[in-house]
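Chains A and B, in that order, are what the protein sequence lines are.
When you line the first sequence up against my numbering, it's residues 36 to 310, in that order.
When you line the second sequence up against my numbering, it's residues 36 to 310, in that order.
Ideal placement from N, C-alpha and C gives every residue a C-beta, glycine not left out.
If you're wondering where the values come from, they're calculated on a predicted model, not measured in any experiment.
Remarks on the structure that follows.
Protein chains: 2
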Amino acid sequence: MIESHKLNLGQNHILDSLSVAEYQRLSPHLELVVLPLGEIIYEPGDELRYAYFPTTCIVSMLYVMESGAPAEIAMVGNDGIIGVSLFMGGGTMPNRAVVRSVGYAYRLRAQLLLQEFNRAGGVRNGTLHDMLLRYTQGLITQIAQTSVCNRHHFLDQQLCRWLLLSLDLLPSNELIITQELIANMLGVRREGITEAIGKLQKAKLIECRRGLITVLDRPGLEERACECYQVVKTEFERLHLASRYAPSASYIPIHSGGLLRNESLSSRQARMKQG
Amino acid sequence: MIESHKLNLGQNHILDSLSVAEYQRLSPHLELVVLPLGEIIYEPGDELRYAYFPTTCIVSMLYVMESGAPAEIAMVGNDGIIGVSLFMGGGTMPNRAVVRSVGYAYRLRAQLLLQEFNRAGGVRNGTLHDMLLRYTQGLITQIAQTSVCNRHHFLDQQLCRWLLLSLDLLPSNELIITQELIANMLGVRREGITEAIGKLQKAKLIECRRGLITVLDRPGLEERACECYQVVKTEFERLHLASRYAPSASYIPIHSGGLLRNESLSSRQARMKQG
DNA sequence: TGCTTTATGTGCGCTACCGTACCGACTGCG
DNA sequence: CGCAGTCGGTACGGTAGCGCACATAAAGCA
């Protein structure tokens, strides 16, 4: 699970923003790990032993209801960190973090993160302390906007928002995920997603195969999405938190050829379906 | 607007938790102010000149959509602070903060808050820095749970949650608010609220007059509410953030006789209806 | 007092999404 | 290859909440 310390380094936005001194202190302790689809980073109430800085993976923060039905609170990729409760002081969270898209992440022992977080002398600009809090503020906006979107917008608009937010965390224009999982994330029926995807396909915005969605027309998606996507994206840019992959004005589609395709999609996803 | 520095002091949970040293540094700069219904504390993008520590008022964080329709993201009372963006580093937020229930709050110049926040030596336990971050984590849970609730639960359940959360921020069992405003907060039709309130009245859980809701049976409300209320409340208690008014196990109803009734309900509320 | 404003209650057709059921198609595995 | 398991498409009745249009009632004001 643990790979070279050098490979792929510097792909997480928070790590990229560290001062030289901080980076030198932390980098020896950063371990690059692969996070497989369905891996649970923490459960409600779990004390974290590590914080994770995703580079190519995407992790969902899910609330799992008493009924067992999950709902996505927020998604975290190479723009952020998993383990906010560590430095925010709560220690744990009442939700679950689960890997939604295979990929790499750097992990750092909780204690070391805290040590660096609390180090901060007088000046804080550009420090880890500063970046982590700014990221957390961005997270608040993402969560809040999800709430608004849940209430007010049509499912196909929500799907556009969700696709775009996911896409911004990925290096290609392909999303490896089943409709059932999307339904879980958005907290709706699987059939509803089928219908919404059908609409987007008819509009030539996306193209689908089993467990794979290819975005054909990103600007078209943005146009069709509700305001929520832009609100979140603009706020992240303002906070200097935008993902390394997030395109701003112009957009040139990339074809990865599915480099990080999941080996065993089905078996892994079984774990994610329920509590 | 500015009242005695001593009157009513020590009713905000964050201020109450400060160390003696911190309290001594800050208290000379805390101004007790009345926040009237409908007062806008900040608009999206506004740089804050003051942070506010509510004691008896309730402030809503609203997102105002492009259509002009508002939706409540979170509510803040004597358990928290208005002005999270100050210490989180973003400076501004993409939402609006508006007073939903008249009352008092302590205000503190932004610069002084930041100064104290950044002071923190090695030990942080029990400091303002610590409390503010822990509160912010609680806020995240509240926002996230609102999102889940929006998606999954019936309107009358959501109303129960909302009533209970509001009640926990108030010293009596009376809520001074119109159905129209509740509808705005929950992001639904006014008629929907009328219907939901009707159900709760039939169940003898509440009693209503124009612009006034009296809670008759709190345990009944809790039973009828969805899990979301308990999740938020439990998390706030775990983080030592519970409002001074929030009852835990046992509950004895209080009759204030409507001490802080709004003088001109209607005119004020006109401002809140739209963008 | 009577008039105006504002809050609340009610009815009715509409629709986005739900719950359920079922079927075909793709994929991975022996 | 053929089978089993999973994924995706479709259909259909049900319903929570919407949009609209009024009616009623309570509070404020002159």
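What separation, rounded to the nearest whole angstrom, lies between the Cα atoms of residue i and residue j?
i	j	result
Glu78 of chain A	Leu174 of chain A	19 Å
Ser285 of chain A	Val69 of chain B	With a pLDDT of 41 at Ser285 of chain A, under the threshold of 50, the modelled position of that residue is not reliable, and the figure given next carries that caveat. Going from the Cα of Ser285 of chain A to the Cα of Val69 of chain B covers about 49 Å.
Arg225 of chain B	Ala179 of chain B	24 Å
Met128 of chain B	Gly80 of chain B	6 Å
Asn185 of chain B	Ala104 of chain A	14 Å
Glu107 of chain B	Glu151 of chain A	35 Å
Thr229 of chain B	Thr213 of chain B	10 Å
Gln172 of chain A	Leu121 of chain B	10 Å
Cys92 of chain A	Glu66 of chain A	15 Å
Ser95 of chain B	Ser182 of chain B	15 Å
Met100 of chain A	Pro206 of chain B	31 Å
Ser52 of chain B	Arg144 of chain B	19 Å
Gly227 of chain A	Thr90 of chain B	45 Å
Leu194 of chain B	Ala260 of chain B	8 Å
His48 of chain A	Leu276 of chain A	7 Å
What whole-angstrom Cβ distance do residue i and residue j have, given they're in contact under 8 Å?
i	j	result
Glu74 of chain A	Val134 of chain A	4 Å
Leu221 of chain A	Lys239 of chain A	22 Å between Cβ atoms; not a contact.
Ile117 of chain B	Ala132 of chain B	5 Å
Phe14 of chain B	Tyr141 of chain B	In the structure displayed, chain B extends from 36 to 310; residue 14 of chain B sits before or after that span and is not available.
Arg231 of chain B	Asp191 of chain B	Reading off the sequence shown, one finds Ala at residue 231 of chain B, where the question assumed Arg. Rounded, the Cβ-Cβ distance is 4 Å, consistent with contact.
Tyr98 of chain B	Asn130 of chain B	5 Å
Met113 of chain A	Arg279 of chain A	One point to set straight first is that residue 113 of chain A is Asn, not Met, in the sequence displayed. Rounded, the Cβ-Cβ distance is 6 Å, consistent with contact.
Would residue i pass as an interface residue toward chain B - the criterion being a Cβ-Cβ separation below 9 Å?
i	result
Leu174 of chain A	yes
Gln180 of chain A	yes
Phe122 of chain A	yes
Glu258 of chain A	no
Val266 of chain A	yes
Val111 of chain A	no
Gly227 of chain A	no
Ala106 of chain A	yes
Glu57 of chain A	no
Asp165 of chain A	yes
Ser52 of chain A	no
Gly222 of chain A	yes
Leu274 of chain A	yes
Could you tell me if residue i is buried or exposed, where buried requires 16 or more neighbouring beta carbons within 10 angstroms of its beta carbon?
i	result
Ala56 of chain A	exposed
Arg244 of chain B	exposed
Lys237 of chain B	exposed
Gln177 of chain B	buried
Gln46 of chain A	buried
Arg84 of chain A	exposed
Gly138 of chain A	buried
Ser102 of chain A	exposed
Gly125 of chain A	buried
Ile289 of chain A	With a pLDDT of 44 at Ile289 of chain A, under the threshold of 50, the modelled position of this residue cannot be trusted, and the question is left open.
Can you find a CB in chain A that lies within less than 9 Å of the CB of residue i?
i	result
Tyr98 of chain B	yes
Arg186 of chain B	yes
Pro129 of chain B	yes
Ala238 of chain B	no
Leu168 of chain B	yes
Glu151 of chain B	no
Glu101 of chain B	yes
Thr269 of chain B	yes
Gly115 of chain B	no
Val250 of chain B	no
| Runs of alpha helix (DSSP H) lying entirely within the region 177-262 of chain B, each at least 4 residues, in chain order | 190-202, 214-221, 225-237 and 253-259
| task | Tell me the start and end of each unbroken beta strand (DSSP E) in the region 85-136 of chain B that is at least 3 residues and wholly inside, in chain order. | result | 85-89, 93-99, 105-111 and 131-136
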